[in-house]
Ligand code: GLP
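Numbering (my numbering), first residue to last: -11 to 254.
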């Protein structure tokens, strides 16, 4: 695992976008796994800038989003499809037929989840997966207790997640209780993963996930088993890590001596 503690949210976002750019330059038809939430918004902004000002090309990219609320239509302003359209897809040249976001209105949810898994396979698997982390350690909507081998499925949200997400809805009662989410096992099959976290509110859970035991009680801790994970934090989110000095030193030395190693597990 590579752990980068950036000074600011902006630096975190630039580093993540640079890694995605390098992936697209290496393989223009990359399959990207995408996340919602406030954390990756800055990264998406940098990608839009790179597309508009530097011509970063998304025309061959295939995308799969991690999750979607059950029963929210893609046009609902709090749906993850709406979020992705407004924060990224509407501003880049991704081909709409290459975009996959779980469909919250699916009538046969189990069949839909199986189809989603099949589509990921048909696309050749996810090359680079972007993740945020929930306050209870969830990745996508894999709440505590999710099997580390879980696949795309329907999941009930915890009280904490419902409260955390209430800020986006006019009325707390409107926050969906269920979501369709890729499983931890699905996520672990991505060839490379970037986990992003910012802000003091994430410091405790980040420390548990990265330096604590691997446990289904903290879904993000499963990332410790993956071969190619880069965690990019801002200073606040990284403030509770025991080995913060070591991670900082590694980052500085890579930048100073072999910059192309930044974003690689070494
Ligand atoms: C939601 C999403 C997660 C995201 C998390 C954190 O629960 N399903 O994918 O990582 O929120 O959100 P934020 O980035 O706003 O802290």
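A virtual CB, placed ideally from N, CA and C, is assigned to each residue, including glycine. Being a predicted model, the structure only gives us computed values, none of them experimental.
For residue i, name the three-state secondary structure that DSSP assigns.
{"i": "residue 21", "result": "strand"}
{"i": "residue 158", "result": "coil"}
{"i": "residue 117", "result": "strand"}
{"i": "residue 180", "result": "strand"}
{"i": "residue 74", "result": "helix"}
{"i": "residue 56", "result": "strand"}
{"i": "residue 69", "result": "helix"}
{"i": "residue 88", "result": "strand"}
{"i": "residue 136", "result": "coil"}
{"i": "residue 131", "result": "coil"}
{"i": "residue 27", "result": "coil"}
{"i": "residue 80", "result": "coil"}
{"i": "residue 206", "result": "strand"}
{"i": "residue 185", "result": "strand"}
{"i": "residue 215", "result": "coil"}
{"i": "residue 228", "result": "coil"}
{"i": "residue 243", "result": "helix"}
{"i": "residue 254", "result": "coil"}
{"i": "residue 94", "result": "coil"}
{"i": "residue 39", "result": "helix"}
{"i": "residue 173", "result": "helix"}
{"i": "residue 111", "result": "coil"}
{"i": "residue 44", "result": "coil"}
{"i": "residue 124", "result": "coil"}
{"i": "residue 63", "result": "coil"}
Given a cut-off of 9 Å, decide if residue j and residue i are closer than it, judged by their beta-carbon atoms.
{"i": "residue 118", "j": "residue 28", "result": "yes"}
{"i": "residue 1", "j": "residue 31", "result": "yes"}
{"i": "residue 225", "j": "residue 190", "result": "yes"}
{"i": "residue 221", "j": "residue 188", "result": "no"}
{"i": "residue 194", "j": "residue 121", "result": "yes"}
{"i": "residue 9", "j": "residue 38", "result": "yes"}
{"i": "residue 149", "j": "residue 183", "result": "no"}
{"i": "residue 138", "j": "residue 92", "result": "no"}
{"i": "residue 86", "j": "residue 114", "result": "no"}
{"i": "residue 207", "j": "residue 196", "result": "no"}
{"i": "residue 165", "j": "residue 144", "result": "yes"}
{"i": "residue 171", "j": "residue 135", "result": "yes"}
Run through the DSSP bridge pairs and tell me what residue i is partnered with.
{"i": "residue 167", "result": "57 and 143"}
{"i": "residue -7", "result": "221"}
{"i": "residue 50", "result": "19"}
Examine the ligand GLP and report whether any of its heavy atoms sits within less than 8 Å of the Cβ of residue i.
{"i": "residue 64", "result": "no"}
{"i": "residue 126", "result": "yes"}
{"i": "residue 191", "result": "no"}
{"i": "residue 259", "result": "Residue 259 cannot be examined here, being either before or after the span of the chain that is shown, -11 to 254."}
{"i": "residue 181", "result": "no"}
{"i": "residue 169", "result": "yes"}
{"i": "residue 21", "result": "no"}
{"i": "residue 122", "result": "yes"}
{"i": "residue 249", "result": "no"}
{"i": "residue 67", "result": "no"}
{"i": "residue 1", "result": "no"}
{"i": "residue 26", "result": "yes"}
{"i": "residue 218", "result": "no"}
{"i": "residue 157", "result": "no"}
{"i": "residue 166", "result": "no"}
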